[in-house]
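Numbering (my numbering), first residue to last: 173 to 572.
Idealized CB from N, CA, C, for every residue including glycine.
Just so you know, these numbers come straight off a predicted model, no measurement behind them.
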Ligand code: HH2
């Protein structure tokens with residue numbers, strides 16, 4: 173046996189770094205200084221000019237890190253290159269300080285990088301809705317209530333408003349923190365429903381629930397008119413699968429109501445979205461498209477603290493892409509916003525496990541646990557009791 177037992181430490185977060193330093197008796201000042209050296213970060217930057225990339229490489233190497241660039245960058249024989257910065261949080265922060273004095277737009281890049289590092293280190297603590305702050309100190313379960321005849325999993329079960337309201341109350345009792353009511357199926361291939369019909373399905377359920385439900389209601393709609401009328405009837409959150417991309421009226425409704433907003437990523441309407449599953453760089457493309465949604469929402473006057481983002485599992489994505497997004501979910505922390513994930517009973521689980529819709533509860537629980545471990549704040553699910561347990565268990569492990 174070696175006289176020097178060595179072992180690897182699993183350090184992913186600031187908290188874990190601080191705890192390990194304290195465990196070996198480092199003094200508090202040392203803990204403050206060394207924590208940023210224990211957190212290694214790789215940062216991807218798109219389409220930089222070669223002269224920008226060359227300065228980054230030089231600076232990072234001078235700091236003891238590095239930067240990967242495409243072949244041809246040093247000689248400037250290509251126009252642009254993507255860059256992967258690699259270093260500790262401390263080195264990257266120092267890079268930002270140095271870039272602040274550099275030409276070629278690098279001072280701007282320093283601002284972007286500083287914001288990114290802050291987003292990655294500090295998760296948002298709350299999400300504001302029209303009437304309250306939802307505290308994100310444990311997984312938030314959003315229970316699904318589809319009042320449609322044709323939803324892929326619960327279609328036709330809750331068309332009667334009394335039955336629908338009972339299910340909402342049952343989900344709250346099972347541990348749901350939000351009830352998400354939808355009046356239009358958005359499964360692949362689903363045809364759009366007129367706003368009047370969507371309202372005819374949703375409003376009676378909201379009337380039934382008035383004064384009986386303590387948790388907030390979100391409305392799963394991409395139509396401004398439906399959002400406006402359901403918010404007036406007491407909903408607090410707009411869950412828009414199009415990320416404000418389908419209805420130009422939506423952003424204004426969101427901004428003027430002060431509703432919480434979920435901006436989800438998709439491409440094209442549900443009846444054609446599965447024609448758009450090709451990505452050059454899956455995570456890069458999804459995040460860039462989500463950023464565009466986010467920028468347009470903020471430009472319309474929606475406050476950032478009201479916005480949550482969602483990669484849109486199953487929307488314009490094939491099964492392999494859904495798995496990859498869940499594996500790399502941590503990368504969405506770059507946006508610095510609450511992260512919602514909706515995997516419940518979806519077909520990529522059926523494809524992976526060879527199961528029909530009604531058999532996918534355990535598969536869903538695995539996705540929920542991993543999503544929580546990878547940074548999801550809000551889980552949109554049908555099987556509330558089971559997923560409350562799966563999410564709470566995962567959360568207990570990551571905060572142990
Ligand atoms: N998935 C569905 C519907 N709305 N909203 C968000 N934010 N994220 C999602 O992943 C999401 C969503 C599809 O699931 P479901 O509501 O169960 O089915 P249907 O669209 O057939 O009603």
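Which ranges would you report for the beta strand (DSSP E) in the segment 207-295 if only whole runs of at least 3 residues count?
Unbroken beta strand (DSSP E) runs of no fewer than 3 residues, entirely contained in the segment 207-295, are found at 212-221, 238-240 and 252-260, following chain order.
In whole angstroms, give me the CA-to-CA distance for residue 180 and residue 258.
Looking at the two C-alpha atoms, the distance is approximately 20 Å.
How many angstroms separate the CA atom of residue 454 from the CA atom of residue 542?
Spanning the two alpha carbons is a distance of roughly 19 Å.
Secondary structure at residue 432, three-state DSSP: helix, strand or coil?
Strand.
Does any heavy atom of the ligand HH2 sit closer than 8 Å to the C-beta of residue 413?
Under cutoff, so the answer is yes.
Span of the beta strand (DSSP E), counted from its first residue to its last, around residue 298
Secondary structure note for residue 298: its beta strand (DSSP E) is the uninterrupted segment 298-300.
Does the ligand HH2 have even one heavy atom less than 8 Å from the beta-carbon of residue 258?
Checking every heavy atom of the ligand HH2 against the Cβ of residue 258, none is found closer than 8 Å.
Taking the continuous beta strand (DSSP E) assigned at residue 315, which residues delimit it?
Where residue 315 is concerned, the enclosing beta strand (DSSP E) stretches over 312-318.
Are the CB atoms of residue 355 and residue 369 within a distance shorter than 9 Å?
Yes, these two residues count as a Cβ contact at 9 Å.
Name the one or two DSSP bridge partners that residue 307 has.
Partner(s): 298.
Note down the Cα distance separating residue 177 from residue 473, rounded to an integer number of angstroms.
Rounded to the nearest whole angstrom, the CA to CA distance from residue 177 to residue 473 is 57 Å.
Backbone CA spacing between residue 186 and residue 215 [nearest angstrom]
Those two C-alpha atoms are separated by around 17 Å.
Do the segment 500-518 and the segment 527-536 meet, that is, are 3 or more Cβ pairs less than 8 Å apart?
Contact between the segment 500-518 and the segment 527-536 is present: three or more C-beta pairs spanning the two stretches fall below 8 Å.
Helix, strand or coil at residue 519 according to DSSP, with G and I counted as helix
Note: residue 519 maps to helix in three-state DSSP.
Residue 635 - DSSP class collapsed to helix/strand/coil
A query on residue 635 cannot be resolved here, the shown segment of the chain reaching from 173 to 572 and no further.
Taking the continuous beta strand (DSSP E) assigned at residue 389, which residues delimit it?
In the DSSP assignment, residue 389 falls within the unbroken beta strand (DSSP E) covering 389-392.
CB-CB under 7 Å to residue 253, same chain, minus the five flanking residues each way: which ones, in chain order?
220, 222, 225, 241, 242 and 245.
Below 8 Å, is the gap between the Cβ of residue 436 and the nearest heavy atom of the ligand HH2?
Result yes, Cβ under 8 Å from the ligand HH2.
Just to check, is the beta-carbon of residue 306 closer than 8 Å to a non-hydrogen atom of the ligand HH2?
Incorrect: residue 306 has no Cβ contact closer than 8 Å to the ligand HH2.
Reference residue 329, options 366, 308 and 373, closest by Cα
It is 373 whose Cα lies nearest to the Cα of residue 329.
6 Å Cβ shell around residue 310 - same chain, five flanking residues per side excluded:
Hits under 6 Å: 567.
Would residue 478 pass as a contact of residue 299 if the rule is Cβ separation under 9 Å?
A contact, by the Cβ cut-off of 9 Å.
Is it buried or exposed for residue 248, if we count other Cβ within 10 angstroms and need 16 for buried?
Flag for residue 248 reads exposed.
Can at least three beta-carbon pairs, one atom from the segment 318-338 and one from the segment 375-385, be found at a separation below 8 Å?
By the C-beta criterion, the segment 318-338 is judged to be in contact with the segment 375-385, since at least 3 inter-stretch pairs fall below 8 Å.
Let me know the secondary structure DSSP gives residue 546 once reduced to three states.
Three-state result, residue 546: coil.
Would you call residue 314 buried or exposed, if buried means 16 or more other Cβ atoms sit within 10 Å of its Cβ?
Result: buried.
Tell me the residue span of the alpha helix (DSSP H) that contains residue 460.
Boundaries of the alpha helix (DSSP H) harbouring residue 460: 454-471, taken from the DSSP string.
Ignore the nearest five residues each way along the sequence and tell me which others in residue 500's own chain have a CB closer than 6 Å to its CB.
Answer for residue 500: 455, listed in chain order.
Can you find a heavy atom of the ligand HH2 that lies under 8 Å from the Cβ of residue 358?
At least one heavy atom of the ligand HH2 is nearer than 8 Å to the Cβ of residue 358, so yes.
Spatial neighbours of residue 198 in its chain, beta-carbon cut-off 8 Å, leaving aside the 5 residues before and after
Only residues of its own chain outside the window of five on either side were considered, and among them 206 have a CB closer than 8 Å to the CB of residue 198, listed in chain order.
Under 8 Å from any heavy atom of the ligand HH2, does the C-beta of residue 544 make it?
Flag unset: Cβ of residue 544 not near the ligand HH2.
Using C-beta distances below 6 Å, list every residue in its chain close to residue 462, excluding the 5 sequence neighbours before and after it, in chain order.
Closer than 6 Å at the Cβ level, and outside the excluded window around residue 462, lie 437 and 481.
Within the continuous beta strand (DSSP E) that includes residue 377, where are the two ends?
First-last for residue 377: 367-381, but that is the alpha helix (DSSP H), not the beta strand (DSSP E).
Short of 8 Å in beta carbon distance, which residues of its chain neighbour residue 367, apart from the five on each side in sequence? Order them along the chain.
If we look at residue 367 and ignore the five residues flanking it on each side, its Cβ neighbours are 395, 397 and 398.
How about residue 474: is its Cβ closer than 8 Å to a heavy atom in the ligand HH2?
No; taking the cut-off as 8 Å, the Cβ of residue 474 has no heavy atom of the ligand HH2 nearer than that.
Nearest-angstrom Cα separation, counted from residue 439 out to residue 387:
Going by the C-alpha atoms only, they are around 31 Å apart.
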